[in-house]
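Colleague: So the sequence lines, in the order shown, correspond to chains A and B. Each residue of the first sequence is one higher than the one before, starting from 0 at the first, in numbering that gives the first Met the number 0. Each residue of the second sequence is one higher than the one before, starting from 0 at the first, in numbering that gives the first Met the number 0. Pasting a structure here, questions to come.
Protein chains: 2
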Amino acid sequence: MINEQLLNPSGIVVVGGSDDIQKPGGKVLRNLLDGDFKGRLYVVNPKVDEVQGVKSYRKVDDLPQVDCAILAIAAKYCPDAVEVLAKQKGTKAFIILSAGFSEENAEGAALESRIVDTVNSVGGALIGPNCIGVLTTHYNGVFTTPIPALDPRGVDLISGSGATALFIMDAGMQKGVKFSSVFSVGNSAQLGVEEVLEYLDESFDPEKSSRVKLLYVESIAKPEKLLKHASSLIRKGCRIAAIKSGGSAAGSRAASSHTGALASSDVAVEALFRKAGIVRCNGRDELATVAGIFMYPPLQGKNMAIVTHAGGPAVMLTDALSNGGMEIPHLEGEKALQLLEQLFNGSSVGNPIDFLATGTAEQLGIILDACERDFDAVDGIAVIFGSPGLFPVFDVYDMLDRKMKTARKPIFPIFPSYTIVKEEIKAFADKGRVYFPDEVLFGNALAKVWHTAAPQPENPVLPAVNVQKIRAIIDQAGNGYLAPEQIHGLLDAAGIERAKEGVADQEEDCVRLATEIGYPLVMKVVGPVHKSEVNGVVLHVKDEQTVRREFRRMMQIKDTYAVMLAQQLSGTEVFIGAKREQKFGHMVLCGLGGIFIEVLKDVKAGLAPLSCTEAREMIRQLKSYKIIQGVRGQEGVNEAKFAEAVARISVLVKIAPEIFEMDLNPLLGNKAGVVAVDARIRIEKEN
Amino acid sequence: MINEQLLNPSGIVVVGGSDDIQKPGGKVLRNLLDGDFKGRLYVVNPKVDEVQGVKSYRKVDDLPQVDCAILAIAAKYCPDAVEVLAKQKGTKAFIILSAGFSEENAEGAALESRIVDTVNSVGGALIGPNCIGVLTTHYNGVFTTPIPALDPRGVDLISGSGATALFIMDAGMQKGVKFSSVFSVGNSAQLGVEEVLEYLDESFDPEKSSRVKLLYVESIAKPEKLLKHASSLIRKGCRIAAIKSGGSAAGSRAASSHTGALASSDVAVEALFRKAGIVRCNGRDELATVAGIFMYPPLQGKNMAIVTHAGGPAVMLTDALSNGGMEIPHLEGEKALQLLEQLFNGSSVGNPIDFLATGTAEQLGIILDACERDFDAVDGIAVIFGSPGLFPVFDVYDMLDRKMKTARKPIFPIFPSYTIVKEEIKAFADKGRVYFPDEVLFGNALAKVWHTAAPQPENPVLPAVNVQKIRAIIDQAGNGYLAPEQIHGLLDAAGIERAKEGVADQEEDCVRLATEIGYPLVMKVVGPVHKSEVNGVVLHVKDEQTVRREFRRMMQIKDTYAVMLAQQLSGTEVFIGAKREQKFGHMVLCGLGGIFIEVLKDVKAGLAPLSCTEAREMIRQLKSYKIIQGVRGQEGVNEAKFAEAVARISVLVKIAPEIFEMDLNPLLGNKAGVVAVDARIRIEKEN
């Protein structure tokens, strides 16, 4: 568990600290010295008494008591050093930079396991091994550079890959992103991404804590923990973006050669992130852009004003936002005309608001005030301002900073020039501001953030099902596919409507069955193989008289020994499926049937359990949603009932986790509801 | 027309040149002086005799003969100055930076028009007005900074927006992209993007000319010219990428307020670019990334090796390439093992080839040699190499440059560190190399480049149609929807198979008609409104005997005065449409019918005329293509015949441009072919 000794140690020892700053042990010491660390600093180096001006002890045994140890020595020496530190020196925080542990071979794994046992035995915290270290606002505990600007209100970054953490910092720095902490968890021997997130959640202080978290992960070891703490943090007002790489087949192979762990199913990850409210990013630049967006107030609506001194970038941004499902409302009326009058001739205010290459800082101020005050249709403002290099633009960037301080609506600065305005950008970033170099990358990221829904409620309202009956059937079932009666029992217990059917070999039974099922119904001979060819199928049977007549006729047909009756159903084919996903629990899938699954792969997945609301959101995201609503004069499907069925299946698999996979395919849906016509359930009890 | 005086003038005068470099006239002079211009330089400034050390004339009239004039004076003074220069000073090239012309009002448009007339009268070239100017390897004729590195083998950039050209240069410079020329065409009074491209095409010299062209356009004034010269350049070995913005509805409004021109239909643009082989980009960063890719040899296949010293970025790049439809082939066997032996313990070569954070320049060389020589499955190599800041990486980047010089396979350098390796990156760029900061943005761009097909052939093979018959029908037709007989005539003349049908009121006629149509067929009463209710429809009629019997029976039915016979067709509903698009000619559209058009918008569009090959490519890009191939035991559609029908419609509308829009919806397709069941054609003759 993360502790105060790790975050804010009173003393740090670099075991393996050296004068050679081209080595991790030398470089991490250099970074500590260059940084703001105010505690005591020690080195252990068997050869010298002083390293980079810091007192060096020849052996770990010689050290005084010390909170935190950073180890940069060969793997084989680590367990003993940790033992002495933990048991004799009161050390409660360990950062092991060295490689050569479980990522390499079984021998290394044994070393790692011994270290974890030792650290656990004293209730300590362990970061790594095989990582670049830890950065907090108190100390620079990484062996890499650059060190980003550290700020308690900056970003908390947790990364499963050290080099990637470094490159993410670099990408962020180029947009002015500051960092509050960086945890490179390496092999996650004791503390992984999930545990760090748990700590950030449990220690969250609305007054002091950073509100932006970034994650880089290749495999999610503890999905439930990630879901719990990510959604909890977001409910507390945080914003989280994450890269989960290795989602493609080839990427999964690449990730497994990188971390040794098979990548999690990408569909499951997608569902987990959506449930948690995490913005999923695909690359470092996108992650840094989203982090930048997170540093500004959240949008309260999807209407953007675009303020620009150059037409082209504004057109491209308009395209990006509009294609991303946001609005760029046309601004007109008296207030717009008043604004136009205060700008140079040739300006336009219809949105984009183009105040021309000659536009001034003062005019920008007027425009921003108008957007804030006069245009209710505007929820946020993107300001594009570069420079042709004629004169400095400090005044413009200062104006942006000033207006940002008081505006309720977020103002996003896009600086399309770089080479010629480095100084201005630096001054702006030094005020703690983040900026965006490319309008389209910004626009795409903003649309993605906007479309990421809030986390699902902690305790969702779930449909009630007959738990006892479900458990009874499951407990009696063996592995493999369930028999029809078992399936019927489970569906009934879960409250899923299914097509009624039955078989009768006596006329009176047949009539009774027909009454139970209800009209209209279908009658089919039982016995003959080719039922149609022997005239053994009758559709749309509407009354008892026909039932009696057809029963008598059918029983005369060769090979017929009984008659099957089934509800005559009509509607649109939909489907619901569920699949147990390692570590993630069950994924529940839904969509339209037939070609929509098989050819168009138009399926949405959610992580069980799903409330009716969450199920409904999934349905609405289907590409074929219009068909469910009803299109071209066709009836459509009762959306509420479809969503309820999806939610019921998600509750069923929660209660019966022994269900390995199941399909209701098809269900027939119409305005009245959805009815399962065919179902398949496979049980696989875990040992 | 662009001329030598514009590209490489022996003398340039800056009319309106001043000492104030915060003004365009001062800044453009400064840039000329700072650049490599070797010719004579003059200034016209009514107030002084020398400006920035250059001789200044008080009046244009006082100037000696001069090839090229750059005007930075108020719009109203421009026409007279141009008059004197053109008529008296032998000036053949004009770059007008000033604004206040047709982009502002009618008065400005009149000034602009006068200038164009004057320039045309001497056969001169005019760039602008309302632009940032021109850059060539001979002179810096722009008033903006930064000035990118100029190199005859760099990129030719043509932009309809001046500021955007500036920002594109800036984005390119940050990746090491060099420029051969930059044309900011402003109002395109005489020379627009298309004319510059035409010149680059007609003057193309395989020995000397740059092979990479970038375009930024908001409205395409001359699509045919753009198509002609872009495809011609690409056939000559060039590579072209373009941003066409204003594609969304809101973006179109934004573009029109920017340039005054309505944006072209985005579907038409998409079709034009595909036909020409232009890589379409959506933003500056993407355009600069594609330009960077263009600076390396083209990929000959889609198999990429990823070489890295850090796992995470390699996993993300693998995902990006793989999701983009490229391959990252698994490398194994003896050669792979040999390679592995030469790397540090813990490296992997399965692809990604990860040679660890400790990997050396020498090892990189060995890996690149192996990829070039030993792994036939590899078509190109992406090398990811950043730095944790422990030591400089000059040797690694030098190795990259050296191997690039001899490798046949392209090697793309991805540098995920920036802050800490600025010097190394600069040294690499100074060797003329381009690099990529973000692996995912690179991967997405590479996949886009790979999937951009070659231009269509200059003289495509088109299906033969009956031109005379088509013209006869069209010439006789008035505006509006055509009558059934006219439609039948056009379809027959175009060689489109259609459902045969006819009406008979005599038994013998009916039998003859049935023989003509062929069996099976459908018979329907003509007269009664509700045909089914009076038993007036018979399907699947298979022989003459049934025709006779049913004819007699039907003629007895109340209100019946004739019987209609039609081919009994079955198959999958597909559709073909065509629409005249302003300036672009006709778009031809195809897809599956029904919900595929209406709900899923699964439609591909091509610019007429289309060869069967091009039509087939369109069909294969449909999301529902699998249904055309046949799926779930269903028959599918004869792809060759469907493509031929698309091509035939494209030829029809070329011959009959009076067709404003037409729909064949549906056609029924099966393995035998496609047959039009219903068609609508609307004529709108232009005045």
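For each residue, glycine too, the CB sits at the ideal point set by N, CA and C. Bear in mind that the values here come from a model prediction, so they are computed numbers and not experimental data.
Is there a Cβ of chain B sitting closer than 8 Å to that of residue 438/A, yes or no?
Modeller: To locate residue 438/A, count along the first sequence from 1; it is residue 439. With 8 Å as the cut-off, residue 438/A counts as an interface residue toward chain B.
Colleague: Residues of the stretch 281-293 of chain B in Cβ contact with chain A at a cutoff of 8 Å, in chain order, please.
Modeller: Here the close residues are 281, 282, 283, 284, 285.
Colleague: On a Cα-Cα basis, can you pick out the residue from 19/B, 20/B, 63/B, 45/B that is closest to residue 39/B?
Modeller: In the second sequence, counting from the first residue as 1, residue 39/B sits at position 40. Comparing Cα-Cα distances from residue 39/B to each of 19/B, 20/B, 63/B, 45/B, the minimum goes to 63/B.
Colleague: From 405/B, 411/B, 392/B, 358/B, pick the residue whose C-alpha is nearest to that of residue 379/B; which is it?
Modeller: Mapped onto the second sequence, residue 379/B falls at position 380. Checking every option, the nearest Cα to that of residue 379/B belongs to 411/B.
Colleague: Since residue 33/A and residue 25/A should fall inside the 8 Å C-beta cutoff, what is the C-beta to C-beta distance between them, to a whole number of angstroms?
Modeller: Along the first sequence, one-based indexing puts residue 33/A at 34. Along the first sequence, one-based indexing puts residue 25/A at 26. Not really, about 12 Å apart at Cβ, beyond 8 Å.
Colleague: What residues match up with residue 661/A in a beta bridge as DSSP calls it?
Modeller: Looking up residue 661/A in the first sequence gives position 662. For residue 661/A, which the question treats as bridged, DSSP gives the partners 577/A, 680/A.
Colleague: I want to see whether chain A comes within less than 8 Å of residue 343/B, judged by CB atoms only; does it?
Modeller: For the purposes of this step, residue 343/B is taken as the residue at position 344 of the second sequence. Cβ-Cβ to chain A under 8 Å: no for residue 343/B.
Colleague: Buried or exposed: where does residue 375/B fall if 16 or more other Cβ atoms within 10 Å of its Cβ makes it buried?
Modeller: The residue labelled residue 375/B in the question sits at position 376 within the second sequence. Exposed, because fewer than 16 other Cβ atoms sit within 10 Å of the Cβ of residue 375/B.
Colleague: Runs of 4 residues minimum, wholly inside the stretch 457-513 of chain B: which ones carry the alpha helix (DSSP H) assignment?
Modeller: Complete alpha helix (DSSP H) runs here, min 4: 466-475, 483-493.
Colleague: Since residue 620/A meets chain B, which of its residues come closer than 8 Å, beta carbon to beta carbon?
Modeller: Along the first sequence, read from residue 1 onward, the residue named residue 620/A stands at position 621. Here the premise fails: no neighbours, minimum Cβ distance about 14 Å.
Colleague: Could you say if the stretch 276-290 of chain A and the stretch 348-356 of chain B meet the contact criterion of at least three C-beta pairs nearer than 8 Å?
Modeller: These segments do not touch.
Colleague: What separation, rounded to the nearest whole angstrom, lies between the Cα atoms of residue 567/B and residue 228/B?
Modeller: Indexing the second sequence from 1 puts residue 567/B at position 568. Indexing the second sequence from 1 puts residue 228/B at position 229. Each residue's Cα considered, the two are about 48 Å apart.
Colleague: With a threshold of 8 Å between beta-carbons, can residue 353/A be considered close to chain B, or not?
Modeller: Residue 353/A sits at position 354 when you count from the first residue of the first sequence. It does; some Cβ of chain B falls within 8 Å.
Colleague: Taking 8 Å as the threshold (C-beta atoms), are residue 444/A and residue 305/A in contact?
Modeller: As a first step, residue 305/A must be located in the first sequence, where it is residue number 306. As a first step, residue 444/A must be located in the first sequence, where it is residue number 445. In this structure, residue 444/A does not lie closer than 8 Å to residue 305/A by Cβ.
Colleague: Check this for me: beta carbons of residue 606/A and residue 274/A, under 8 Å apart or not?
Modeller: Looking up residue 606/A in the first sequence gives position 607. Looking up residue 274/A in the first sequence gives position 275. For residue 606/A and residue 274/A, yes; Cβs fall inside 8 Å.
Colleague: Under a three-way DSSP split, which group does residue 585/B fall into?
Modeller: Within the second sequence, the letter at position 586 stands for residue 585/B. Residue 585/B: strand per DSSP, three-state reduction.
Colleague: Within its chain, find whatever has a CB closer than 7 Å to the CB of residue 543/B; leave out the 5 residues flanking it on each side and keep chain order.
Modeller: Position 544 of the second sequence, counting from 1, holds the residue named residue 543/B. Excluding sequence neighbours, residue 543/B sits near 510, 513.
Colleague: Between the C-alpha atoms of residue 143/A and residue 74/A, what's the straight-line distance to the nearest angstrom?
Modeller: Along the first sequence, read from residue 1 onward, the residue named residue 143/A stands at position 144. Along the first sequence, read from residue 1 onward, the residue named residue 74/A stands at position 75. Their Cα atoms are separated by approximately 19 Å.
Colleague: Going by alpha carbons, who is nearest to residue 310/A out of 641/B, 129/B, 46/B?
Modeller: Position 311 of the first sequence, counting from 1, holds the residue named residue 310/A. Of the candidates 641/B, 129/B, 46/B, the one whose C-alpha sits nearest the C-alpha of residue 310/A is 129/B.
Colleague: Where does residue 534/B land, buried or exposed, given buried means 16+ other C-beta within 10 angstroms?
Modeller: Position 535 of the second sequence, counted from the first residue, corresponds to residue 534/B. It is exposed - the Cβ of residue 534/B has fewer than 16 other Cβ atoms within 10 Å.
Colleague: Could you please give the first and the last residue of the uninterrupted beta strand (DSSP E) stretch that includes residue 536/A?
Modeller: As a working mapping, residue 536/A is identified with position 537 in the first sequence. From DSSP, the beta strand (DSSP E) with residue 536/A extends over 536-540.
Colleague: For residue 390/B, go through chain A and note every residue whose CB falls closer than 7 Å to its CB, in chain order.
Modeller: Mapped onto the second sequence, residue 390/B falls at position 391. The contacting residues are 21.
Colleague: Around the C-beta of residue 392/A, are 16 or more other C-beta atoms found within 10 angstroms, so that it is buried, or is it exposed?
Modeller: Within the first sequence, the letter at position 393 stands for residue 392/A. Classification for residue 392/A: buried.
Colleague: Tell me whether residue 318/B is buried or exposed, calling it buried when 16 or more other Cβ atoms sit within 10 Å of its Cβ.
Modeller: Residue 318/B sits at position 319 when you count from the first residue of the second sequence. Buried, because 16 or more other Cβ atoms sit within 10 Å of the Cβ of residue 318/B.
Colleague: Check whether chain A comes within 8 Å of residue 617/B, counting only Cβ atoms and requiring the distance to be less than that.
Modeller: To locate residue 617/B, count along the second sequence from 1; it is residue 618. No, residue 617/B lies away from the interface with chain A (no Cβ there is under 8 Å from its Cβ).
Colleague: Which residues in the same chain as residue 307/B place their Cβ atom closer than 6 Å to its Cβ, once the five residues preceding and following it in sequence are excluded?
Modeller: Position 308 of the second sequence, counting from 1, holds the residue named residue 307/B. For residue 307/B, where only same-chain residues beyond five positions count, the Cβ hits under 6 Å are 313, 351, 353, 383.
Colleague: Is residue 631/A buried or exposed, if buried means 16 or more other CB atoms sit within 10 Å of its CB?
Modeller: The residue given as residue 631/A occupies position 632 in the first sequence. Classification of residue 631/A: exposed, given that the 10 Å Cβ count is below 16.
Colleague: Mind listing the chain B neighbours of residue 166/A? Cutoff is C-beta to C-beta under 8 Å, in chain order.
Modeller: Start at 1 with the first residue of the first sequence, and residue 166/A comes out as number 167. Here the neighbours are 309, 311, 312, 385, 415, 416.
Colleague: What three-state label does DSSP hand residue 186/A in the structure shown?
Modeller: Mapped onto the first sequence, residue 186/A falls at position 187. Residue 186/A: coil per DSSP, three-state reduction.
Colleague: Jot down the residue ranges of each uninterrupted alpha helix (DSSP H) in the stretch 338-409 of chain B, minimum 4 residues, whole runs only, in chain order.
Modeller: Runs of the alpha helix (DSSP H) inside the stretch 338-409 of chain B: 360-372, 393-405.
Colleague: I'd like the span of the alpha helix (DSSP H) that includes residue 605/A, first residue to last.
Modeller: In the first sequence, the residue the question calls residue 605/A occupies position 606. From DSSP, residue 605/A is part of no alpha helix (DSSP H) but of the beta strand (DSSP E) over 602-606.
Colleague: Listing by chain order, which chain A residues have their CB less than 9 Å from the CB of residue 245/B?
Modeller: In the second sequence, the residue the question calls residue 245/B occupies position 246. Chain A residues near residue 245/B: 314, 315, 317, 318.
Colleague: Here's a check: name, in chain order, each residue in its chain whose Cβ is nearer than 8 Å to the Cβ of residue 167/B, leaving out the five neighbours to either side.
Modeller: Counted from its first residue, the second sequence places residue 167/B at position 168. Around residue 167/B: 156, 158, 213, 215, 283, 286, 287.
Colleague: Taking the C-alpha atoms as reference points, what is the distance between residue 9/B and residue 581/B?
Modeller: For the purposes of this step, residue 9/B is identified with residue 10 of the second sequence, where counting begins at 1. For the purposes of this step, residue 581/B is identified with residue 582 of the second sequence, where counting begins at 1. Cα-Cα distance, rounded: 42 Å.
Colleague: Check each residue of the stretch 590-603 of chain A: if its Cβ is closer than 8 Å to any Cβ of chain B, include it; give the result in chain order.
Modeller: Going along the stretch 590-603 of chain A in chain order, one finds 593, 594, 597, 598, 599 with a Cβ nearer than 8 Å to chain B.
Colleague: Whose Cβ in chain B lies nearer than 7 Å to the Cβ of residue 447/A?
Modeller: If you number the first sequence from 1, residue 447/A lands on position 448. Within 7 Å Cβ-Cβ: nothing; residue 447/A doesn't reach chain B, min ~14 Å.
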